[in-house]
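**Student:** Handing you a structure now.
Numbering (the working numbering), first residue to last: 5 to 97.
Rendered as structure tokens:
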């Protein structure tokens, strides 16, 4: 390997390292900007607004739970009807 090839390899490695460092720096700045935005949103939110948000989340969770119950009861009814049509004993488990 000649001296020029060694210098070129070192320059290429340094360039790659610098590019990676710049990419990480941009990524950190981007994440930091999002965190600042979120902190500003939370600090400007009053306690009652936070309570409303928590209440909304609980309502959504209840809705998803009810949807699951409805879907399971619908499947059970469908299986019972299918069992009656096919002449099998209905399993209510």
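Here a beta-carbon is modelled for each residue, glycine too, at the ideal position from N, C-alpha and C.
Around the C-beta of residue 57, are 16 or more other C-beta atoms found within 10 angstroms, so that it is buried, or is it exposed?
**Tutor:** Position 53 of the chain shown holds residue 57. Label assigned to residue 57: exposed.
**Student:** Under a three-way DSSP split, which group does residue 11 fall into?
**Tutor:** Against the chain shown, residue 11 aligns to sequence position 7. Note: residue 11 maps to helix in three-state DSSP.
**Student:** Kindly indicate which three-state DSSP category residue 91 falls into: helix, strand or coil?
**Tutor:** For the purposes of this step, residue 91 is taken as residue 87 along the chain shown, with counting starting at 1. Coil at residue 91, not helix or strand.
**Student:** To the nearest angstrom, how far is it from the Cα of residue 24 to the Cα of residue 45?
**Tutor:** Looking up residue 24 in the chain shown gives position 20. Looking up residue 45 in the chain shown gives position 41. Taking the straight line joining both Cα atoms gives about 32 Å.
**Student:** May I have the straight-line CA-CA distance separating residue 65 from residue 39, to the nearest angstrom?
**Tutor:** Residue 65 sits at position 61 when you count from the first residue of the chain shown. Residue 39 sits at position 35 when you count from the first residue of the chain shown. So the two alpha carbons sit approximately 26 Å from each other.
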